[in-house]
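Asks: Here the working numbering is used: the first residue of the sequence shown is 3, the next is one more, and so on. Every residue, glycine too, gets a C-beta built ideally from N, C-alpha and C.
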Amino acid sequence: MNILLLVSRNYGANYFLYRDIFEQYGWKVTHGGVLKEIPACPPYYYRYQLPVIVPDIMTNEVKNPGEYDCVAIMPSTSFFSPVPFDEFVNDPPTLQLISTAVKQNIPVISSCAGARVLAAADVIRGKTIIGNQEFKDEYESAGASVVDKDRPPIIDGSIITTARGMYYSMVNCMAMATAIEERQAKGKHPNYPEKEFIFSDAVDFAPDTIVWARTFGGFVADGGQAVCRTENGGFLIVGYTFSHGSGDADILAVKTDAEGKKVWAKTFGGAGTEYGYGCAAVDDGYVITGYTTSYGAGSKDVYLVRIDSRGNEIWSKTFGGASWDVGKAVSRAVDGGYVICGFTHSSGSGEEDIYLIKTDTAGNEVWSKTYGEERSETGNSVYAMADGGYIIGATTGTTEGGNSDFYLIKTDSESNEVWSRKYATNGSYGHGFDWCNSMCPTKDGGFIMAGYSDCEDIMNAHVIKIDSMGNEVWSKSFGNSKFYDYGNSICASDDGGYLIGGTAKAVDSATTYNNDFYIVKLDSDGNILRQHVIGGAGSEWGSQIYETASGDIILVGQTSDRDSESFDVCMIKLRGAD
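1) So if DSSP puts Lys268 in a beta bridge, which residue, or which two residues, is it bridged to?
2) By the 10 Å Cβ neighbour count, where 16 or more other Cβ atoms means buried, how is Ile530 classified, buried or exposed?
3) Could you check what DSSP says for Thr398 in three-state terms: helix, strand or coil?
4) State the beta-bridge partners of Gly225 as determined by DSSP.
5) With a threshold of 8 angstroms, are at least 3 pairs of Cβ atoms found where one atom belongs to the region 411-428 and the other to the region 387-402?
6) From Ala144 to Ile547, what distance separates their C-alpha atoms?
7) Determine the burial state of Trp29: buried for a count of at least 16 other Cβ atoms within 10 Å of its Cβ, exposed for fewer.
8) Using DSSP's beta-bridge definition, name the partner residues of Thr164.
9) Can you check DSSP and say which residues form a bridge with Lys65?
10) Short of 7 angstroms in beta carbon distance, which residues of its chain neighbour Ser415, apart from the five on each side in sequence? Order them along the chain.
11) Could you tell me the alpha carbon to alpha carbon distance between Leu97 and Val119, rounded to whole angstroms?
12) Does DSSP put Asn490 in a helix, in a strand, or in coil?
13) Tell me the rounded alpha-carbon separation between Ile100 and Lys371.
14) With a CB to CB cut of under 8 angstroms and the five nearest residues on each side skipped, what residues in its chain are close to Arg11?
15) Do Gly481 and Asp456 have their C-beta atoms closer together than 8 angstroms?
16) Span of the alpha helix (DSSP H) holding Ala15?
17) Leaving out five residues on either side along the sequence, give the residues of the same chain with a beta carbon under 7 angstroms from the beta carbon of Thr320.
18) In the DSSP assignment, find the beta strand (DSSP E) that holds Val420 and state where it starts and stops.
19) So for Ser49, helix, strand or coil by DSSP?
20) For a minimum of 3 consecutive residues, which ranges assigned as the beta strand (DSSP E) are wholly contained in the region 336-410?
21) Cutting at 7 angstroms between CB atoms, please list the residues of its own chain near Glu140, excluding the five before and the five after it.
22) Take Ala181 as the anchor and find which of Ile156, Arg334, Val475 has the nearest alpha-carbon.
23) Please report the straight-line C-alpha distance between Cys442 and Ile212, rounded to a whole angstrom.
24) Hey, would you say Trp369 sits closer than 8 angstroms to Met176, going by beta carbons?
25) From the DSSP output, in three-state form, read off Arg532 for me.
26) To the nearest angstrom, report how far apart Gly503 and Ile492 are at their CA atoms.
27) What would DSSP say about Arg185, mapped onto helix, strand or coil?
28) How about the region 125-140 and the region 103-116: do they share at least three Cβ pairs that are nearer than 8 angstroms?
29) Within the same chain, show all residues whose beta-carbon is closer than 7 angstroms to that of Ile59, passing over the 5 residues directly before and after it, in chain order.
30) Give the straight-line distance between the Cα atoms of Arg216 and Ala123, rounded to the nearest whole angstrom.
31) In terms of alpha-carbon separation, which member of Asp446, Gly538, Ala15, Ser383 lies closest to Met168?
32) Have a look at Gly159 and Met172 and give me their C-alpha separation to the nearest angstrom.
33) Can the beta-carbon of Asp152 be found closer than 8 angstroms to that of Arg166?
34) Given a threshold of 16 other Cβ atoms within 10 Å of its Cβ, counted over all protein chains shown, does Glu69 qualify as buried or as exposed?
35) Per DSSP, which one or two residues make a beta bridge with Phe519?
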């Protein structure tokens, strides 16, 4: 996938947040602009010394927007300019680019006042859009119906309009992915089935704590999203591949031995797009969940794939309605069936709801349940409990402070809610934007949750310890720098502490900024015992962390070198003790 980013002066923090989500999808980005040097908005420039962005291409040099899968007008901070995006609004080549893209049915997304560019390009006539209300007259003069901005993105034809870029960041990018996937002819992007995956241990990572580092990949983007233990001490990595398979992207499963060396690699999916987000080891094989656009009832459906120990598919199932439905985690139920957790835009009581699905051993649905209130809720983790019930880790956007909070739900064996709790951070910046990425049970019968929050800085990794009844025990925020740090995964370690795997950002220039793997070891009270930032010349994303039986650390994600246009799956092993 190739995304053309149109970046305006006074680009702000959400530019980096969106870039990081694009990276998780494995999308290639090309920066376009009118200015030869694009400055950040003043507060971020002075506080974080953000460099100017130098576009990869000027908008008047874009001859064919059809070379891109999407055109994204990136967020810009309007507090310091009475006329945000003015250089685009008054630039005929930019307006022609937008107009041509819409005529070619290429998805075009704008955020907040970016709808001014759509209005000036005369592409919103007869459309319903979201945009900053101070420019409502401009939108209506261009023939659009304007709704308030406190809502999820609107997709109207190939036009996607959004607002509240941080609060709806994940939903906005999901809408963007959906529009791209629905536009494409199935199997549009070439893959290379005749080529083998390249497996390498030649990774430019320097820390002496690393035992080994392995990469797996093809000629375009491939990424690791989840890992689980296999028989004989090996590992199963699950993620996505644009390099191989039968469609645009397929689920990728790589089985390795205990040293991270490939045993086999398989892809699963159809002519559309599939991503794998969760996996679990079961009797004589594995179960994988994610989403599919190739099969099912909606634009994307929850996808459950059962494979044997050699990676051969035994069966696959889809679940969902007419819109998008995504599986993020899967666990073995007490009765031998499976339970899937994710989110649904097809059903429920709010904008987006947590989606819990129980199946039998053959993958047939036994029941499904949604959880949520009037705003957006997203499930990311699920575990079967000894009492037959389930514990769900999630994020809720239905909060008193108007932002999002960590969210934990306990159910009985029939999906009925026993209790639920919301956990908010309150720091130097008040009630933060809090996003939970991962949750797991702890040895003391409680739970540990990890994600990120902006309550103390622009974005820090955040961890919350919970007791068995859902009461908060402690809450900690930390990071490698004052910039972006994410807690993407957490696991309980055998010594009573915790391991966090995630991502830390280093900025050398805005268009070549790096993400690095971020690993933190905490004691039982949340105090940092050690932390590592590990990366090469390009960008890394840490997706899931795991502790081996010997106490060593496994982190799975993706990596790219600076000159590469794509990512490879990456797995690293660190010594468990200094």
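Replies: With the structure as the only source:
1) Ala255
2) exposed
3) strand
4) Tyr242
5) yes
6) 50 angstroms
7) buried
8) Ser113
9) None, per the DSSP bridge assignment.
10) Gly390, Gly391
11) 7 angstroms
12) strand
13) 41 angstroms
14) Leu37, Ile40, Pro41, Ser78, Ser83, Glu89
15) no
16) 15-27
17) Thr294, Tyr297, Gly298, Asp303, Val304, Tyr305
18) 419-425
19) A small fix is needed here, since residue 49 is Arg in this sequence, not Ser. Reduced to three states, the DSSP call for Arg49 is helix.
20) 340-346, 355-361, 367-373, 379-386, 392-398
21) Arg118, Ala121
22) Ile156
23) 25 angstroms
24) no
25) strand
26) 6 angstroms
27) helix
28) yes
29) Thr32, Gly34
30) 47 angstroms
31) Ala15
32) 20 angstroms
33) yes
34) exposed
35) Thr505, Ile536
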